[in-house]
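To start, the structure under review is shown below, and the notes come after it.
Protein chains in written order, with the numbering used here: chain A, 1 to 112; chain B, 113 to 226.
Dropping the structure here:
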């Protein structure tokens with residue numbers, strides 16, 4: 001069965017510092033991995049995805065994610081956090097099926 | 113261009129009533145998905161349409177839930193005999209199809225069953 005784990009309910013980081021939001025997955029076959037962001041009272045917005053190829057994937061708003069097959073991880077990163085990055089972040093996997101399996105989400109709080 | 117739209121944005125209904133939630137996908141997107149998001153959780157898959165047909169309805173919790181997409185565009189999620197446990201945000205997404213394609217989500221319908 002496919003599953004996604006986001007081990008941190010909340011991540012706190014100071015503005016200007018690098019941030020990491022963790023995600024691990026379990027899937028049979030090749031994984032298709034996604035990150036989405038959810039702002040208050042707004043829908044989920046696509047950030048980036050890993051399908052194949054380069055393990056470092058670049059996405060919207062300066063975010064990137066690193067795929068690590070041996071550790072079954074797909075951590076979201078940004079070199080310098082902004083206060084406006086504060087939101088709820090979801091990791092998801094499709095694993096060859098069309099439906100997305102989401103993690104429980106991680107709330108990112110960036111402090112000035 | 114226009115994104116995925118969902119109506120109504122909020123729906124309050126009494127236990128036992130019937131509700132319909134509507135999703136209007138991005139034009140040209142053949143795949144349409146419904147998810148349900150409870151407070152403090154990630155979205156949970158309900159059903160996936162490819163064109164007019166339901167390709168995967170494995171996430172529908174029981175036979176009170178049903179969805180249609182008769183012309184391959186707009187979809188309606190129907191819930192019969194609503195229960196308080198059905199209260200959640202119902203999200204719709206669309207994509208060009210395929211497991212690697214990113215899904216674009218609407219703002220959701222917040223359903224409250226009293």
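Glycine included, C-beta positions come from ideal geometry on N, C-alpha and C.
Check	Outcome
Taking a cut of 9 Å between CB atoms, which residues from the stretch 137–152 of chain B lie near chain A?	143, 145, 147, 149 and 152
Express the C-alpha separation of residue 126(B) and residue 62(A) in angstroms, rounding to a whole number.	45 Å
Within the stretch 135–164 of chain B, note down every full alpha helix (DSSP H) run reaching 4 residues or more, in order along the chain.	none
Taking 8 Å as the threshold, find out whether the stretch 101–108 of chain A comes into contact with the stretch 47–54 of chain A through three or more Cβ pairs.	no
Between the Cα of residue 75(A) and those of 36(A), 43(A), 86(A) and 40(A), spot the shortest distance and give me the residue it belongs to.	36(A)
Going by DSSP in three states, residue 54(A) sits in which element: helix, strand or coil?	coil
With DSSP collapsed to three states, give me the class of residue 169(B).	coil
What first and last residue would you give for the beta strand (DSSP E) that runs through residue 84(A)?	Residue 84(A) -> no beta strand (DSSP E), and no H or E assigned at all.
Give me the residue from 182(B), 207(B), 174(B) and 205(B) with the minimum Cα distance to residue 192(B).	174(B)
Pull up the DSSP beta-bridge partners for residue 91(A), would you.	35(A)
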